[in-house]
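Here the structure is laid out as structure tokens; the discussion comes afterwards.
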Amino acid sequence: MNTYSALRALNGKQSHDMSGVRIDRRDFLRLAWHRGRTIMAGLGRVPPVGASPPVRPRLRPPGAVQEGVFEKLCTGCGSCVEACGVGAIRVDPDGRPIVEPAVQACVLCVDIPCSRACATGALKPVVEAWQVKIGTARVAIDRCVHLHAEDGCGRCVQACPLGARAIRLYPDAPAPDISALVCTGCGLCAAACPTEPPAIDINGDFLW
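1086 is the number that the numbering used here gives to position 22 of the sequence shown; each next residue is one higher, with no gaps.
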């Protein structure tokens, strides 16, 4: 079925593909949504991952420079760890700071004090939440309960400090739509997810 035929089919209660397989409107929209996610991946939208997240780099605190440079500049002094009031910054086996959203999400404190505590340049000072880039939230569709929950869930959207600019939930979509360009990777959405394990994972994506 080409795009024109598909759009025409949406006008009816049900649509048919060229092989005669019967597809109802909801299933068709889900398929279209999946295809759209694939296309939008190259335009700053995040494609959902499967049940097993890929291997990713360690998540560094807000303001972290590129990983290779970070490893050279960071002395492991612990200033950023001490500056974090919620314990979101921990220390990796090499003695350098990391953020583990699954343990404690970053709450994007006012003025982001951890980034300003660094004296070596491993962390660049940031003052606004939208400037933070710890990583990018990714959704495991097979675990998201949005379409199955009586209330439609939406806890991840409610928890996001950047709101609809970073994450949106559409009625017929099987999972939230996350903007890779806006998402900070703070992990508050994953912390709010009611599933176990969470349907949202933070995948390292360093852009500094």
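We put the beta carbon where it would ideally sit given N, CA and C, even for glycine. Keep in mind the model is a prediction, meaning the values are calculated, not measured.
Item, Value
"Touching by the beta-carbon criterion (3+ pairs, under 8 angstroms), the stretch 1181-1199 and the stretch 1120-1139", "yes"
"Beta-carbon gap between PRO1177 and ILE1266 smaller than 8 angstroms", "no"
"With 16 other Cβ atoms within 10 Å as the buried cut-off, status of ALA1254", "buried"
"Delimiting residues of the alpha helix (DSSP H) encompassing VAL1145", "1143-1147"
"Residue nearest to SER1179 in terms of C-alpha spacing, selected from LYS1188, VAL1171 and LEU1211", "LYS1188"
"beta-carbon CYS1173 near the ligand NAD non-hydrogen atom, thresh 7 angstroms", "Annotation note on the ligand NAD: not contained in the displayed structure, which lists no ligands."
"Strand pairing of LEU1187, partner residues [DSSP]", "ALA1128"
"When GLY1227, ALA1230 and CYS1141 are compared against ALA1181, the one with the closest alpha-carbon", "CYS1141"
"Endpoints, alpha helix (DSSP H) assigned at ARG1219", "1219-1223"
"Residues that DSSP places opposite THR1259 in a beta bridge", "THR1259 is not bridged to any residue."
"For ALA1183 and GLY1100, the rounded distance between their alpha carbons", "Residue placement at GLY1100 is flagged as unreliable, the pLDDT there being 45, under the threshold of 50; a coordinate-derived value is accordingly withheld."
"Residue-level contact to chain D via CB, PRO1157, 8 angstroms cutoff", "Protein chain content of the structure displayed is limited to a single chain, and chain D is not contained in it."
"Coil, strand or helix - ALA1096 by DSSP", "Here the model assigns ALA1096 a pLDDT of 46, short of 50, so the residue's position is not dependable, and the following value carries that caveat. Three-state result, ALA1096: helix."
"For ARG1122, three-class secondary structure by DSSP", "coil"
"Cβ separation of ALA1169 and GLY1227, assumed to be a contact under 8 angstroms, to the nearest whole Å", "16 angstroms between Cβ atoms; not a contact."
"7 angstroms Cβ shell around GLY1108 - same chain, five flanking residues per side excluded", "In this prediction, GLY1108 has a pLDDT of 48, which is less than 50 and means its spatial position is unreliable; what the coordinates show is noted afterwards. Same-chain partners within the cutoff: SER1243, ALA1244 and LEU1245."
"Local Cβ density within 10 Å of HIS1210, reported as buried at 16 or more and exposed below that", "buried"
"Cα-Cα separation between ASP1215 and ALA1256, rounded to whole angstroms", "15 angstroms"
"Test item: CB-CB of PRO1161 and CYS1173 under 8 angstroms", "no"
"CA nearest to the CA of ALA1152, picked from ILE1231, VAL1191, ALA1186 and LEU1123", "LEU1123"
"8 angstroms Cβ cutoff met for ILE1264 and CYS1220", "yes"
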